[in-house]
Amino acid sequence: MFSENRPALFLAPLAGITDSAFRQTCKEYGADYTVSEMISAKGLYYRDKKTGNLLRFEECERPIGIQVFGSEPDIVAFAVREITEKNKPDFIDINMGCPMPKIVNNGDGSALLKNPKQIFAVVSAARKATSLPLSVKIRKGFYENEETAPENAKVIESAGADFITVHGRTREQMYSGLSDAETIRKTKQAVSIPVIANGDVFSADDAGALLQKTDCDGVMVARGALGNPFIFEEIKSLFEKKPYTPPSGRQRLDAALRHIRLSCEKKGEKIAIPEARKHMAWYIKGMRGASKAKTRIFTAKTLSELEEIIAEFATNLQ
Ligand SMILES: Cc1cc2nc3c(=O)[nH]c(=O)nc-3n(C[C@H](O)[C@H](O)[C@H](O)COP(=O)(O)O)c2cc1C
Numbered sequence: 003m004f005s006e007n008r009p010a011l012f013l014a015p016l017a018g019i020t021d022s023a024f025r026q027t028c029k030e031y032g033a034d035y036t037v038s039e040m041i042s043a044k045g046l047y048y049r050d051k052k053t054g055n056l057l058r059f060e061e062c063e064r065p066i067g068i069q070v071f072g073s074e075p076d077i078v079a080f081a082v083r084e085i086t087e088k089n090k091p092d093f094i095d096i097n098m099g100c101p102m103p104k105i106v107n108n109g110d111g112s113a114l115l116k117n118p119k120q121i122f123a124v125v126s127a128a129r130k131a132t133s134l135p136l137s138v139k140i141r142k143g144f145y146e147n148e149e150t151a152p153e154n155a156k157v158i159e160s161a162g163a164d165f166i167t168v169h170g171r172t173r174e175q176m177y178s179g180l181s182d183a184e185t186i187r188k189t190k191q192a193v194s195i196p197v198i199a200n201g202d203v204f205s206a207d208d209a210g211a212l213l214q215k216t217d218c219d220g221v222m223v224a225r226g227a228l229g230n231p232f233i234f235e236e237i238k239s240l241f242e243k244k245p246y247t248p249p250s251g252r253q254r255l256d257a258a259l260r261h262i263r264l265s266c267e268k269k270g271e272k273i274a275i276p277e278a279r280k281h282m283a284w285y286i287k288g289m290r291g292a293s294k295a296k297t298r299i300f301t302a303k304t305l306s307e308l309e310e311i312i313a314e315f316a317t318n319l320q
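Sequential numbering of the sequence shown, starting at 3, is according to my numbering.
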């Protein structure tokens with residue numbers, strides 16, 4: 003799956019954010035791989051309609067991974083088998099990092115980090131259910147100051163996964179503090195399958211520094227891509243030693259509008275516009291007049307209202 007020539011560049015899975023329209027936008031700007039929002043194995047098993055909608059992707063999003071969460075081996079295996087047969091993504095990822103209480107209290111997501119036996123059971127069951135590349139996304143550990151990632155990675159490798167992504171924060175840290183590159187480096191050292199480094203990449207320099215510190219096979223960008231799909235072009239230019247010119251304000255706004263229009267085509271304005279407000283606010287963050295425009299963006303109900311606000315905002319840029 004990975005090229006020998008340069009590190010792989012992933013858009014991270016982000017629940018409520020990395021839908022088809024955003025994935026396509028990030029691909030357009032150079033992401034090598036994208037991953038779906040996390041999908042409940044149980045939701046698939048019980049034929050939840052919302053869960054089914056999250057599985058849709060377009061051919062132009064390939065190579066794409068679908069991320070599943072769950073802790074019951076049989077149910078995870080069911081979901082992995084069904085996704086392999088029906089959706090045919092390029093790889094399947096298992097979420098062992100989600101810190102949200104409603105997920106953790108069910109024994110899913112990062113709760114698995116406390117239980118290597120269960121990790122083995124879940125990954126082995128998933129392995130038997132698919133011949134697609136299989137990856138697992140983990141955190142540094144569960145409790146504050148804990149570092150189980152290298153040991154858990156060994157378990158994951160022995161259960162047959164093809165690669166691992168490590169976010170260098172513990173569950174207790176949620177998204178606070180800094181991601182620990184040293185843990186990611188130790189995890190890479192502990193296994194022979196590829197390891198992707200994740201955490202705090204907000205620029206090409208961050209990506210370069212993280213790869214240098216960890217010696218990993220790729221980087222995964224999450225919050226750094228919010229309102230900034232251009233980050234992939236920036237990082238790719240660094241990898242390929244090519245000059246990079248950041249987009250102008252107008253180019254940013256054009257990209258934002260393309261993203262939002264695509265989302266409206268896919269979901270309809272009633273669903274897409276409330277979701278688009280946060281994206282728009284991220285795209286214009288730091289630009290002149292952004293806070294005033296933001297207030298209006300958060301009241302927009304239709305695509306044409308949003309377009310009007312952005313057109314007016316764009317006149318400030320000259
Ligand atoms: C709003 C939000 C939603 C997220 N959803 C997911 C998810 O569905 N699956 C997952 O594995 N990680 C999820 N994450 C974690 C990110 O993929 C990533 O591991 C984390 O944000 C650290 O990377 P960053 O420092 O580049 O943001 C989410 C993070 C945020 C902030």
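A virtual CB, placed ideally from N, CA and C, is assigned to each residue, including glycine.
Quick check on residue i: buried or exposed, where buried means 16 or more other Cβ atoms within 10 Å of its Cβ?
i, result
"Cys62", "exposed"
"Ile48", "Correcting the residue identity first, residue 48 is Tyr in this sequence and not Ile. Exposed, since its Cβ has fewer than 16 Cβ neighbours within 10 Å."
"Arg64", "exposed"
"Ser137", "buried"
"Leu180", "exposed"
"Thr247", "exposed"
"Thr36", "buried"
"Glu184", "exposed"
"Pro103", "exposed"
"Pro152", "buried"
"Glu6", "exposed"
"Arg252", "exposed"
"Met222", "buried"
"Gln69", "buried"
"Ser1", "In the structure displayed, the chain extends from 3 to 320; residue 1 sits before or after that span and is not available."
"Gly270", "exposed"
Going by DSSP, what residues sit across from residue i in a beta bridge?
i, result
"Asn89", "Asn89 pairs with nothing; no bridge assigned."
"Ala2", "Because residue 2 is not part of the residues shown, which for the chain are 3 to 320, the question remains open."
"Gly143", "Thr172"
"Ile41", "Val70"
"Ala23", "Its beta-bridge partners do not exist; DSSP assigns none."
"Ser137", "Asp95 and Phe165"
"Phe12", "Tyr35 and Met222"
My output table needs one value for residue i: the three-state DSSP class, helix, strand or coil.
i, result
"Ile66", "strand"
"Gly226", "helix"
"Phe232", "coil"
"Ser112", "helix"
"Ser126", "helix"
"Asp76", "helix"
"Ile96", "strand"
"Leu319", "coil"
"Arg83", "helix"
"Tyr47", "helix"
"Pro118", "helix"
"Pro103", "helix"
"Asn7", "coil"
"Gly18", "coil"
"Leu56", "helix"
I'd like to confirm something about residue i: is its beta-carbon nearer than 8 Å to some heavy atom of ligand 2, or not?
i, result
"Leu16", "Inclusion of ligand 2 in the displayed structure is not the case, the ligand content consisting of ligand 1 alone."
Q) Using 8 Å as the threshold, is the stretch 146 to 162 in touch with the stretch 111 to 129, meaning 3 or more CB pairs across them? A) The stretch 146 to 162 makes contact with the stretch 111 to 129, as at least three CB pairs between them are under 8 Å.
Q: List in chain order: all unbroken alpha helix (DSSP H) runs of 4+ residues lying wholly within the stretch 240 to 316.
A: Qualifying alpha helix (DSSP H) stretches, in chain order: 251 to 269, 271 to 286 and 292 to 299.
Q: Count the C-beta pairs between the stretch 254 to 268 and the stretch 306 to 313 that are closer than 8 Å, then say yes if the count reaches three, no if not.
A: Yes, since at least three Cβ pairs between the stretch 254 to 268 and the stretch 306 to 313 fall closer than 8 Å, the two stretches touch.
Q: Note down, one range per segment and in chain order, each beta strand (DSSP E) of at least 3 residues found wholly within the stretch 142 to 221.
A: With a minimum length of 3 residues, the continuous beta strand (DSSP E) runs that stay inside the stretch 142 to 221 are 165 to 172 and 197 to 200.
Q | Cβ pair count under 8 Å reaching 3, the stretch 72 to 86 against the stretch 124 to 133 | A | Yes, they touch.
Q: State whether the stretch 29 to 47 contacts the stretch 79 to 98, with contact taken as three or more CB pairs (one from each stretch) at a distance under 8 Å.
A: A contact exists between the stretch 29 to 47 and the stretch 79 to 98.
Q. Three or more beta-carbon pairs under 8 Å between the stretch 209 to 218 and the stretch 275 to 290, yes or no?
A. Touching, no, given that fewer than three Cβ pairs across the two stretches are closer than 8 Å.
(Q) Within 8 Å, do at least three Cβ pairs link the stretch 200 to 209 to the stretch 231 to 242? (A) Contact holds: three or more Cβ-Cβ distances are below 8 Å.
Q) Is the stretch 228 to 235 touching the stretch 281 to 289, taking contact as three or more C-beta pairs under 8 Å? A) The stretch 228 to 235, when compared against the stretch 281 to 289, does touch it at the 8 Å Cβ threshold.
Q. Are the stretch 52 to 61 and the stretch 286 to 300 touching, with three or more C-beta to C-beta distances below 8 Å?
A. Cβ pair count under 8 Å is below three, so no.
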